[in-house]
Every structure is written in structure tokens, then in C-alpha cells.
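All you need for our numbering is the position in the sequence shown, starting with 1, plus 196.
The beta-carbon is built from N, C-alpha and C at its ideal position, and this holds for glycine as well.
Take a look at the structure below.
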Amino acid sequence: MRISEEIWPRPVAILTTISKEGRPNGMTVSFLMPISFEPKYVAVSVSPRRFSFQNLNEVREFGLNILEKSQRKLAEIFGTLSGREEDKFKIAGVKPIKSEAIRPPLIECPISLECEVVFMEEFGDHYLVIGKVLKEHVRKEEFEPLLHKSGDFFPEIKV
Ligand SMILES: Cc1cc2nc3c(=O)[nH]c(=O)nc-3n(C[C@H](O)[C@H](O)[C@H](O)COP(=O)(O)O)c2cc1C
């Protein structure tokens, strides 16, 4: 059994990054957790095979865009295609939103966090990436989060 099938449901976010040349990308993540109230820190786990991993090494900042249930299609597009070959924003019909404290853009969703990478280290087949939240955008306080188990299974759980 995969660990993702043992610990679930997990909220889903799009991690937005940018290359040093300024080309933005986004990838879906569900290996994520809050780790500190004040200051706010979040952790995500990113495979080194992701194009986003390369961006994180080049520009150590990211946006964490928490998705709601109705945004499943976005999670699928940003979580199956790679920014190596595709402009996922264009394919998804999503307009990148300019951030205030970081270079990567944000995505329209209930909550976006602008983060600076403060720690990035290999753990097994992923890298643990810890971000300090520099700026937050709470566009909706009440929403139904999109939840993930594994692969293409997004459990329909009412919260
Ligand atoms: C719902 C969902 C959750 C995912 N969670 C993660 C994750 O937490 N960490 C990770 O490395 N990849 C995760 N992935 C896979 C990446 O999103 C996927 O490989 C993506 O295409 C990488 O894009 P990139 O090459 O443009 O960076 C997830 C995919 C989906 C569909």
C-alpha cells in the first residue's frame, strides 16, 4: 500500500513557481501540511523529477494555492502535465495573478500563500520543502476543500 493510501484525505493545492528566466509554472500537490502558527510555516513534499523542483532550486520562492472542490479539473491539468513541455496556465485557461512578495504568480482560489523557501532537503524519493509565509490572500473563508487520496481519486467527503 502506498503511503498516500494510508494517510488521507489531504487538501489539494497548486504550487506555483518560476524559472530564473521568468517563466511561471504550477504543479498540483497534496503532500502538504501547516507546521507553525506564528510565524507561519508550511511544508510540501516535491519529487525531484518534477519540473517545478528545478524552478524551486533556481528561484527559492513559491505560491501555495489551496483549491476548492469545484477546481478538480485544475488539479488534474496541473497534476498530470509538465511545465517542461506545456504552458499549463494557457491549457487550463487560468490567468496568473501577480504576487506581492514573491516572483512566482498566484492562481485564483480560496486561499493563496506567498512563501520563501527556508529549507529543502531530500527525504527518500521526495524533497521536504519548508516555506515561510510572507503574505497571504484569503479570498474565501468558507469553502469546500478539494480532497485527494491517491492517483486520480479525489474522495467525495463532506466537511
Ligand atoms: C492530486 C495530485 C496531487 C499531487 N501531489 C504531489 C505532491 O504532493 N508532490 C509531488 O511531487 N507531486 C505531486 N503530484 C504530481 C505532480 O503534480 C505532477 O507530476 C505534475 O505533472 C508535475 O508538474 P511539473 O513537471 O510541471 O512540475 C500530484 C498530482 C496530483 C494529480
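- Say whether the region 262-270 touches the region 332-352, bearing in mind that this needs 3 or more beta-carbon pairs closer than 8 Å, one atom from each stretch. The answer is yes - the region 332-352 touches the region 262-270, with three or more Cβ pairs under 8 Å.
- Does the pairing of the region 289-302 with the region 213-226 give three or more beta-carbon distances under 8 Å? Segments in contact, yes.
- Query: So what does DSSP say about A297, is it helix, strand or coil?
  - Reply: As a working mapping, residue 297 is identified with position 101 in the sequence shown. Three-state result, A297: coil.
- Quick one, are the C-beta atoms of S226 and P207 less than 9 Å apart? The residue labelled residue 226 in the question sits at position 30 within the sequence shown. The residue labelled residue 207 in the question sits at position 11 within the sequence shown. Yes, they are a contact pair.
- Message: Quick check: the Cα distance between D283 and L260, rounded to an integer number of angstroms?
- Response: On the sequence shown, position 87 is the one that residue 283 refers to. On the sequence shown, position 64 is the one that residue 260 refers to. D283 and L260: Cα-Cα distance of roughly 18 Å.
- Message: Once DSSP output is grouped into helix, strand and coil, what is the label at G289?
- Response: Working through the sequence shown from its first residue, we reach residue 289 at position 93. Shown here, G289 sits in coil according to DSSP, grouped into three states, outside any helix or strand.
- Task: State the Cα-Cα distance for the pair F258 and E296, rounded to the nearest angstrom.
- Result: Taking the sequence shown and counting its residues from 1, the one referred to as residue 258 is at position 62. Taking the sequence shown and counting its residues from 1, the one referred to as residue 296 is at position 100. Going by the C-alpha atoms only, they are around 12 Å apart.
- Task: Indicate whether V325 and A271 have their beta-carbon atoms separated by less than 9 Å.
- Result: As a working note, residue 325 is residue 129 in the sequence shown. As a working note, residue 271 is residue 75 in the sequence shown. Taking the C-beta atoms as reference points, A271 is found no nearer than 9 Å to V325.
- L324, enclosing beta strand (DSSP E) - first and last residue: For the purposes of this step, residue 324 is taken as residue 128 along the sequence shown, with counting starting at 1. In the DSSP annotation of this structure, the continuous segment of the beta strand (DSSP E) that includes L324 starts and ends at 322-334.
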